[in-house]
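Residue numbers (UniProt numbering): 1 to 212. Cβ coordinates follow ideal geometry from the N, Cα and C atoms, glycine included. Quick notes on the structure that follows.
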Amino acid sequence: MLAAAGQGDLIWGHSSARDPDGRGVWIKAAEWGMEEVTADRVHLVDDQGAVVEGEGARHSEYPIHTEIMAARPDVGGVVHTHAPHAVALAATGQSLRPVSHAATYFFPPEVPRFTRTADLVLTRELGRSLALTLGDARAVFLVNHGLVAVGRTLEAATVAAILLDRACAQQLRTHAGAAAHPGRRTRNLCPSASTSTTTRPSPRSGTTSSAA
Ligand SMILES: [Zn+2]
C-alpha cells in the first residue's frame, strides 16, 4: 500500500508491527523495497537490534521502531517513509494546516518536527529523542528526511502515513494555487484551530471518530 501511494524509495523506508509476545518488532529486511515485501522478508528485531527470528539484513534505523514502541504502549505499528510531499512541506518550515480532510486526522495539535538530524536514526539515543518529539501525536516530520506515523495497529499506522502525505500534497497545491492568484483572498489557507473541525476521520471505519 505504501509503495502504491508513492512512498516507496528503492529499498529505503520500513514499517513494523509490535510482537504480541513482547520480543521486539516485526520489520521488513533491509534488502527489499516496500513493493517487494513478503512474509519471509520480514524478521523479528529486539530492542538491542538483534535479529531473533527470520532472515536477512536488518535496517539500521530499527531504533525508530523499538524506541517508539517502548515509549508508546498504545502503539502497535510504526511506519517510516521518505514520503515526498511530507519532505517538501516540512522543508519549507511550514506547519501542517487543516486545508483538507486528511489533515484533520492530525491537526490539531501541530504535527511535531524532529530536527536533531536529517540523517539516519541509527542509535537508541536518537530513537528515544525521536519518540520524545513524537509525544502523543499520530505522526512526526523528520525534517529533510521523511515521516514517521504510528497507530494502534500496523494497518492504522499505514493509513496515517498515507493520509499525512496526502495532506501535505494538498497544502502544497493550495499554496501553489494561491501563489498563481495573488490578488485573491487567502485567509482560508491557514484556518485557526478554533475554526477547524475537531472530528477526526477513522482509518478503520471510514467514518469519523474522536478516538486517538
Ligand atoms: Zn529514512
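Ligand 1 and residue i: does the residue's C-beta get closer than 7 Å to at least one heavy atom of that ligand?
| i | result |
| --- | --- |
| G146 | yes |
| L130 | no |
| W32 | no |
| L164 | no |
| L126 | no |
| R82 | Strictly speaking, residue 82 in this sequence is His, with Arg absent from that position. Indeed, a heavy atom of ligand 1 lies less than 7 Å from the Cβ. |
| E61 | yes |
| L120 | yes |
| W12 | yes |
Within 10 angstroms of the Cβ of residue i, are there 16 or more other Cβ atoms? Answer buried if so, exposed if not.
| i | result |
| --- | --- |
| T38 | exposed |
| D165 | buried |
| T104 | buried |
| A193 | Caution applies to A193, whose pLDDT of 46 falls short of 50 and renders its modelled position unreliable; the value that the coordinates give is listed next. When all chains shown are included, A193 counts as exposed. |
| P98 | buried |
| V52 | exposed |
| G146 | buried |
| A179 | exposed |
| A169 | buried |
| G77 | buried |
| A90 | buried |
| Q7 | buried |
| L10 | exposed |
Please report how far the alpha carbon of residue i lies from the alpha carbon of residue j, in whole angstroms.
| i | j | result |
| --- | --- | --- |
| R132 | A71 | Note on identity: in this sequence residue 132 is Leu, with Arg being the wrong assignment. The alpha-carbon atoms of L132 and A71 are separated by roughly 8 Å. |
| T197 | G22 | With a pLDDT of only 45 at T197, under 50, the local geometry of the prediction cannot be trusted, and the value read off the model is given with reservation. Computed Cα separation, rounded: 37 Å. |
| G49 | P182 | 52 Å |
| L134 | G177 | 31 Å |
| I162 | S16 | 15 Å |
| A30 | A3 | 15 Å |
| L120 | H14 | 13 Å |
| A137 | V25 | 20 Å |
| residue 213 | I68 | Nothing in the structure corresponds to residue 213, since the chain is present only between 1 and 212. |
| T208 | T153 | Its pLDDT being 41, under 50, T208 is placed unreliably in this model, and the value from its coordinates should be taken loosely. Taking the straight line from one Cα to the other gives about 18 Å. |
| residue 259 | L130 | Because the chain in this structure spans residues 1 to 212, residue 259 falls outside the shown range and cannot be described. |
| S205 | T123 | Annotation note: pLDDT 45 at S205 (below 50); position unreliable, no value reported. |
| N144 | R113 | 10 Å |
| Q171 | H101 | 11 Å |
| D40 | R58 | 13 Å |
| S60 | V148 | 15 Å |
| H85 | R116 | 20 Å |
| F106 | A139 | 7 Å |
| D74 | R18 | 10 Å |
| G93 | H43 | 36 Å |
| W12 | A83 | 11 Å |
| F141 | G54 | 30 Å |
| L118 | P20 | Looking at the sequence itself, residue 118 is Ala, so the reference to Leu does not match. So the two alpha carbons sit approximately 32 Å from each other. |
| D47 | A88 | 31 Å |
| E155 | V79 | 10 Å |
Going by DSSP, name the residue or residues bridged to residue i.
| i | result |
| --- | --- |
| D9 | W12 |
| I27 | S16, H43 |
| E67 | In the DSSP output, where bridge partners are listed per residue, E67 has none listed. |
| H175 | BP columns for H175 are empty, so no partner. |
| H80 | H14, V148 |
Mind reading off the beta-carbon distance from residue i to residue j? Whole number of angstroms is fine, and I expect it under 8 Å.
| i | j | result |
| --- | --- | --- |
| T66 | G127 | 7 Å |
| M1 | T158 | 6 Å |
Shorter than 7 Å, the distance from the beta carbon of residue i to the closest heavy atom of ligand 2, or not?
| i | result |
| --- | --- |
| L96 | This structure lacks ligand 2; the ligands present are ligand 1. |
For residue i and chain B, any beta-carbon pair shorter than 8 Å?
| i | result |
| --- | --- |
| Y62 | In the structure shown, chain B cannot be found, because there is only a single protein chain. |
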